Each structure stands twice: as structure tokens, then as C-alpha cells.
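Inspection log for the structure reproduced underneath, given as C-alpha cells.
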Amino acid sequence: MGRKITAALRSLSNATIINEEVLNAMLKEVCAALLEADMNIKLVKQLRENVKATIDLENMPSGLNKRRMIQHAVFKELVKLVDPGVKSWTPTKERNNIIMFVGLQGSGKTTTCTKLAYYYQRKGWKTCLICADTFRAGAFDQLKQNATKARIPFYGSYTEMDPVIIAAEGVEKFKTENFEIIIVDTSGRHKQEDSLFEEMLQVSNAVQPDNIVYVMDASIGQACEAQAKAFKDKVDVASVIVTKLDGHAKGGGALSAVAATKSPIIFIGTGEHIVDFEPFKTQPFISKLLGMGDIEGLIDKFNELKLDDTVELLTIDRLKHGQFTLRDMYEQFQNIMKMGPFGQIIGMIPGFGTDFLSKDNEQKSVARLNKFLTIMDSMNDQELDNKDGAKLFSKQQNRVQRVARGAGVATRDVQELLTQYTKFAQMVKKKGGIKGLFKGGDMSKNVNPSQMAKLNQQMAKMMDPRLLHHMGGMAGLQSMMRQFQKGASGNMK
1 MGRKITAALR SLSNATIINE EVLNAMLKEV CAALLEADMN IKLVKQLREN VKATIDLENM
61 PSGLNKRRMI QHAVFKELVK LVDPGVKSWT PTKERNNIIM FVGLQGSGKT TTCTKLAYYY
121 QRKGWKTCLI CADTFRAGAF DQLKQNATKA RIPFYGSYTE MDPVIIAAEG VEKFKTENFE
181 IIIVDTSGRH KQEDSLFEEM LQVSNAVQPD NIVYVMDASI GQACEAQAKA FKDKVDVASV
241 IVTKLDGHAK GGGALSAVAA TKSPIIFIGT GEHIVDFEPF KTQPFISKLL GMGDIEGLID
301 KFNELKLDDT VELLTIDRLK HGQFTLRDMY EQFQNIMKMG PFGQIIGMIP GFGTDFLSKD
361 NEQKSVARLN KFLTIMDSMN DQELDNKDGA KLFSKQQNRV QRVARGAGVA TRDVQELLTQ
421 YTKFAQMVKK KGGIKGLFKG GDMSKNVNPS QMAKLNQQMA KMMDPRLLHH MGGMAGLQSM
481 MRQFQKGASG NMK
């Protein structure tokens, strides 16, 4: 869906004159992409009408950038489609936060429980899991296996068949042990049965959860709306997590359908692995969908790495003196590989995802990055630490051949790496600001206005010119970066 909408917006750049015909053709493509993603036809129609009402080409002052105005209007309406307009619940540090999971069987509820516990555990919270699902055979075994693998404390029983007793005992145990995030997994059914709702109410009354999370499968598309409403009418659902967004074309329809119920989506599941899980924030989500990146999410991922401060300071010092070596790039590639699912991370970098990710699949892109690392492993210290970088290889071609033989690759692969290195060097060579941005803590303290201005210039250089044009040039990019700076500073305090 994102690629099709981006292609539709790109058509504006190819048009010599922006008129009603061009606007209508672009909106037709955008609406077709939304309908294909199983968006509600009424919502799609409303989006089209709102954009048309906002963009009055005939009466628009001549000084305004029409392409930018249209792009901004589409972006704003896409955000509204997936924004419920309700503030989501957030846990409080140094107290017990009881989170109860509900949902139909097969939605990925038990796996999602572990993902949420692991997410908060990585951020320094004391988390645990309770299996109160006594209906599905093997439910406790699954939770036990997941929790053990993630090193998360858990509670359950093979003998007690009353889910209310298990939930109450588990919560009491973990409360006395001062756990901050206590997650209770409950039974699911294949359909919305009265017995399921009755059991949920009993467990809820017993544990008094701070937040009831409804887990929903994205593959059912806009049918999510009726399902979410049914659960919300029976129990006090405060949040929604949408799973399986990675493999289904109906994901957009599911998100908009849940938003229509005024239930805040707090996380989305994007794959099978425990790290395929990310907070859902409307503006960054749409921004990433359209290839504009997610600076806030990228900062968050860097902060999770807990990089060695000594190494960081040495690297920053080199960058401030105009030095960016192949070893620096090697370290950055290693950091990217540590940060989680490759597609997620690359997609967070504005303009970089479409340039680096292969069109076929993520596996090929990971293989490409690993090949680059292997090539650099075959370089000696002089080559990795040389201030002239690629120039050393261009002056002495026998080095290219030697490195290629050592890495077991063709010489063109080494040349491709050196080309990529040159691009990176152009982006960060003379500036320490980018590394300062990712140092952690309060972003406003790490990045001064001068650094942010330089960062904007660097981002602009690395972006596809057409994408930068869609954003309204440097002014549009600066506006986006200011918004993310404010958001990131607020989240890190």
C-alpha cells in the first residue's frame, strides 16, 4: 500500500502543471491503493472529499507550492484514517501495572504477551507473565517456552483448572515481588461466545487490571471494527494490539477499522520473532509507510543499544575532525544489525529504505549487508583506518583484488561497498552531530540548533530528490525534524 501511495504522490513531480486533472488522477491512485488494503469505502471517499476541499487550485495564491500542499493534505488525511483521537494508557514506573490480554483464539495473543513483556524488559522494567488460559491445550506450555527463551519470570498451573484462581494467585505473587509489568494471558475462543465474555469478566474482577488489551488479527481487515466493538461492549477494553501486519494486504483496513471504534492501538506485530513488535504512533507510522522514515523510532532503537561511551566519544572526535573511515562504517553496519528486524530499521531512515532495501525481499538486503561486513573483514588496519577511505583503493587497484579474493567475492562487490562508503562519508564526514543525536538522554540537550540544521542538510543530501520535493523541500524536511525532535525529547524525559 505504501509503495502505491508513494508512486501516486510521485506522479505530481512528473507533471509539468498541477491542475484538477492531475490532482484527480493522483487521488484515484491513492484511493485504489487504500481500497486494495481493505479500507472502508466510506472512509476512502471521505479522504478524497477532504483533500479536494483543502486543495482549491483555482483560488490558491501563486506563491504557494501546490505539490507540497497536496502532499501535506494527503499525509494529514492518512493520519486521520488510523488515529482514534484517544490518548492511550501508559504504565507507571516503580508500581504494579497489571495488563490483561483478551482476544479470539488464533490472533497471536500468547505470543504477543511475551513480546510486550520483552519490549518493556529491554527498557529496564521488571516484567512477568501469567497464563490464565485453561481452555486451550498447550497454552501454558507455549507461554512457558516463550518466557523461558526471553528470560521472563512466569506463573501457571498444570493442575488448577480455574483461570480466576490462577490469575489471582499469580498477580498476588508478583505483586509481593514488586514486579512493575504483570501481564495476564486469558483464554480465547474461535468465536465470540458468552462463556468467553463471562470468563473475562470474572478474571478482570479478580485481578483488577490497569489496562485491558484486545489482541486482533490484521488479516480480517475491516471486519476488525465489529469484533473490536463486541469486545469493548462486554469488557472495558482500553487498548488494542494489531498482529500479523507483515503478511497481509488487509492491514491498512484493520488499522482504520480499529481507529473507527475510538480504541487506541498501542503496538503492532510485524512478524513471528519476539523483536517483530513496535509501538504504534500514527504520524511516524504514516511517515514510514510513505518512505519518509521514522526519526523518533530510530533514536529509540539506538538508545536501546547501550553503546560503549568510550568508543562513541572516539568516533565523535574523529568525525569532528573530518574523519570518517571504513572502520566507522563497519561499526555502524554492526549497530544496524543489532537493532532488530532489518527492514524496520532501514525503513526508519528517511530516503534510505528505498535506496538500500532490495525490491525482492528483506533476506537479500540482509545478505548484502553481511557481504559488506565480510569484505571489510578482509581489509587490513591501514585500509580500515585510512583517512582517505576509498581513494587508497582507487590509487592501488591491487588492493581491491586482494580484498575480493580474501572475502570470496567479485571485485565489483568491493567497488559497490566503496561506493556505498563514499555516500556515507558525504553524509557524516564533517559532522559529529549525527552521533550526538543518538547518544541517548534528552535530545534537546544533545543537539543544538546548529547541529540540527547540519543534520537537516545531511538528511536532504541522502534522500531521493523526488521524495524531498514531495515533502516541500528543505522547509518541509525541517518541519518534520522539529516535530520528531520535540516528540523524542518528550519521550526520553
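If you read the sequence shown in the UniProt record's numbering, its first letter stands for residue 1, the second for the next number, and so on. The beta-carbon is built from N, C-alpha and C at its ideal position, and this holds for glycine as well. Every value quoted in this text rests on a predicted model; they were computed, and no experiment measured them.
According to DSSP, which residues form a beta bridge with residue i?
i	result
Asn386	The partner list for Asn386 (beta bridge, DSSP) is empty, contrary to what the question assumes.
Asp185	Phe101, Cys131
Phe277	Gly269
Phe154	Leu129
Enumerate in chain order the residues of its own chain whose CB-to-CB distance from residue i is below 8 Å, with the five nearest sequence positions on each side excluded.
i	result
Thr411	Val400, Gln401, Ala404
Lys262	Pro84, Gly85, Val86
Ser11	Val22, Ala25, Met26, Glu29
Ala150	Thr114, Ala117, Tyr118, Gln121, Ile274
Leaving out five residues on either side along the sequence, give the residues of the same chain with a beta carbon under 6 Å from the beta carbon of residue i.
i	result
Trp89	Asn211, Ala238, Ser239
Asp413	none
Tyr330	Met376
Arg3	none
Gly251	Ala218, Leu245
Asn386	Leu392
Ala260	Glu225
Leu34	Val44
Asn40	Gln222
Leu47	Glu77
Thr374	Ala407
Using a 10 Å radius around the Cβ and a threshold of 16 neighbouring Cβ atoms, would you call residue i buried or exposed?
i	result
Glu225	buried
Ala218	buried
Leu64	exposed
Met443	Interpretation of Met443 is limited by its pLDDT of 40, a score under 50 that renders its predicted location unreliable; the figure taken from the coordinates is listed afterwards. Buried is the call here.
Met379	buried
Leu201	exposed
Asp185	buried
Ile182	buried
Gln137	It should be noted that the sequence gives Ala, not Gln, for residue 137. Answer is exposed; the Cβ neighbour count stays below 16.
Asn178	exposed
Asp56	exposed
Gln227	buried
Glu278	buried
residue 494	Residue 494 lies beyond the residue range present for the chain, which begins at 1 and ends at 493; the question has no answer from this structure.
Gly253	buried
Asn97	buried
Asp233	exposed
Thr176	exposed
residue 535	With the chain running from 1 to 493 in the structure shown, residue 535 is simply not present.
Ile220	buried
Ile286	buried
Asp328	buried
Lys435	Legend: pLDDT at Lys435 = 43, less than 50; position of this residue unreliable, value from coordinates given subsequently. Buried: at least 16 other Cβ atoms inside 10 Å.
Tyr421	buried
So residue i and residue j are supposed to be a Cβ contact under 8 Å. How far apart are they, rounded?
i	j	result
Ile265	Val242	6 Å
Ala117	Ala168	Contact doesn't hold; Cβ gap of about 19 Å is too wide.
Val203	Ser107	Wrong, their Cβ atoms sit about 17 Å apart, outside the cutoff.
Gln222	Ala257	4 Å
Ala73	Val51	5 Å
Gln283	Val79	6 Å
Phe154	Lys144	6 Å
Glu198	Pro163	11 Å between Cβ atoms; not a contact.
Gly188	Gln105	4 Å
Leu384	Leu326	5 Å
What residues in its chain sit with their C-beta under 7 Å from that of residue i, if we drop five residues either side in the sequence?
i	result
Lys395	none
Gln382	none
Gln121	Thr127, Ile152
Phe393	Arg399, Val400, Leu418
Lys445	Below a pLDDT of 50, predicted positions are generally treated as unreliable, and Lys445, at 44, falls in that range; no measurement from the model is reported.
Gln142	Thr110
Thr54	Ala73
Asp309	Residue confidence is low: Asp309 scores 48 on pLDDT, short of 50, so the model does not pin down where it sits. Its coordinate-derived value is still stated next. No residues qualify anywhere along the chain.
Open item on the list: Runs of 4 residues minimum, wholly inside the segment 188–243: which ones carry the alpha helix (DSSP H) assignment?
Closed with: As far as the segment 188–243 is concerned, its whole alpha helix (DSSP H) runs of at least 4 residues are 194–207, 224–234.
- [ ] Scan the segment 64–103 and note each continuous beta strand (DSSP E) run of 3 residues or more that stays entirely inside, going in chain order.
- [x] 97–102
Task: Those runs of the alpha helix (DSSP H) which lie wholly inside the segment 2–53 and span at least 4 residues - done: 2–14, 20–36
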